[in-house]
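Asks: Have a look at this one before I ask anything.
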Amino acid sequence: MRYTQWRGIQFLFMGLVVSGVWANEGNASPAWQAPVQTDTSINLGDVSSLVGLTLEGLIAQFGFPQSVHAVRGLETWQDDVVFTYEMGDFYVYKDRVWQIEVKTAYGIRIGDNLGSISWILGEGTQMYSNYFLIPLRGYPWPLTLRLNFNSEGFISAIFIYRPDF
């Protein structure tokens, strides 16, 4: 991360929060139907509602993060700033959360056996050698649930993200 980018993050903690608009790119036709949100309030029972929060909203909801760090992508445009809280990691692009990594979502927890999650696998699920991608419905933009699993068949990571990023 360049010095100027780091300085920008430091200014955030001094009260300078930039606001912006994240365009609604439309909805895909995914398999898992989430509760439809009729207002813009945050539903902590549905962690997917946290994707799309502004930095101001994230800090208002959870306070200052336990830590902030950079995650390098293969390309420079794929670099992320990650805000770490007790409930998980929030990946930020510009001024919005575009991905979260959590310990539990939709009744699934890290450490669960793959056999216990078959109920969530449905139409649109993509299966790979060590993860599943499950499209989510009912949100103002497309969302995907990614479940990573280890060689023993246990969930090792849970991500919810905007696939249109």
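In this text, residue positions in the sequence shown follow the numbering used here: the first is 14, and each later residue adds one. In this text, a Cβ means the ideal position worked out from N, Cα and C, and glycines have one as well. This structure is a prediction, so every number in the text was calculated from the model and none was measured.
(1) Starting from residue 72, trace the alpha helix (DSSP H) in both directions and tell me its first and last residue.
(2) Return the CA-CA distance between residue 125 and residue 114, expressed in angstroms with no decimal places.
(3) I need the DSSP call for residue 139, collapsed to helix, strand or coil.
(4) In the DSSP assignment, what residue or residues form a beta bridge with residue 113?
(5) Starting from the Cα of residue 133, find the closest Cα among 100, 172, 123, 119 and give me that residue.
(6) Residue range of the beta strand (DSSP E) that residue 59 falls in?
Replies: Based on what the coordinates show:
(1) Segment 68-75, the alpha helix (DSSP H) holding residue 72.
(2) Taking the straight line joining both Cα atoms gives about 16 Å.
(3) In the structure shown, residue 139 sits in a strand (DSSP, three-state: E or B).
(4) Residue 113 is bridged by DSSP to 103, 173.
(5) The option with the nearest alpha carbon to residue 133 is 119.
(6) Looking at the DSSP string, residue 59 is not in any beta strand (DSSP E), and its letter there is neither H nor E.
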